[in-house]
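Student: For the sequence shown, our numbering gives the first residue as 47, with consecutive numbering after it. Ideal Cβ positions, reconstructed from N, Cα and C, are used throughout, including at glycine.
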Amino acid sequence: MKDFFYAIQDLFVNVLFLPFDSLRQIELENWWIANAMTWLLTIIGLVAFVYWMLQLRKFDQNNEEDKSVTSHSYL
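In structure tokens, the structure reads:
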């Protein structure tokens with residue numbers, strides 16, 4: 047049973063977290079390269095946000111939505 051947990055440790059430490067170890071070493075030399083993944087995900091999120099806002103604006107300008115003000119019966 048002990049070998050099973052050591053195998054899990056070996057998998058995470060020596061295989062799955064290896065890219066993060068290399069990023070940690072690169073950070074000492076160049077901060078921008080080390081944070082390239084962060085910048086990439088930030089740009090993807092920004093592009094998705096702008097696209098979503100443009101789609102919402104397009105549907106809002108079609109005037110298809112019922113915007114009549116009504117309240118719930120319990121109010």
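Find out if the Cβ-Cβ distance for the pair Ile72, Ala80 is shorter than 7 Å.
Tutor: yes
Student: Please report the distance separating the alpha-carbon of Val115 from that of Val93.
Tutor: 33 Å
Student: How long is the line joining the alpha carbons of Val59 and Ser117, rounded to whole angstroms?
Tutor: 57 Å
Student: Between the alpha carbons of Arg103 and Thr88, how many angstroms are there, rounded?
Tutor: 22 Å
Student: Cutting at 6 Å between CB atoms, please list the residues of its own chain near Trp98, excluding the five before and the five after it.
Tutor: Cβ within range, chain order: n/a, list empty.
Student: I need the straight-line Cα distance from Asn76 to Met83, nearest angstrom please.
Tutor: 14 Å
Student: Measure the C-alpha to C-alpha separation of Leu64 and Lys48 and round it to an integer number of angstroms.
Tutor: 23 Å
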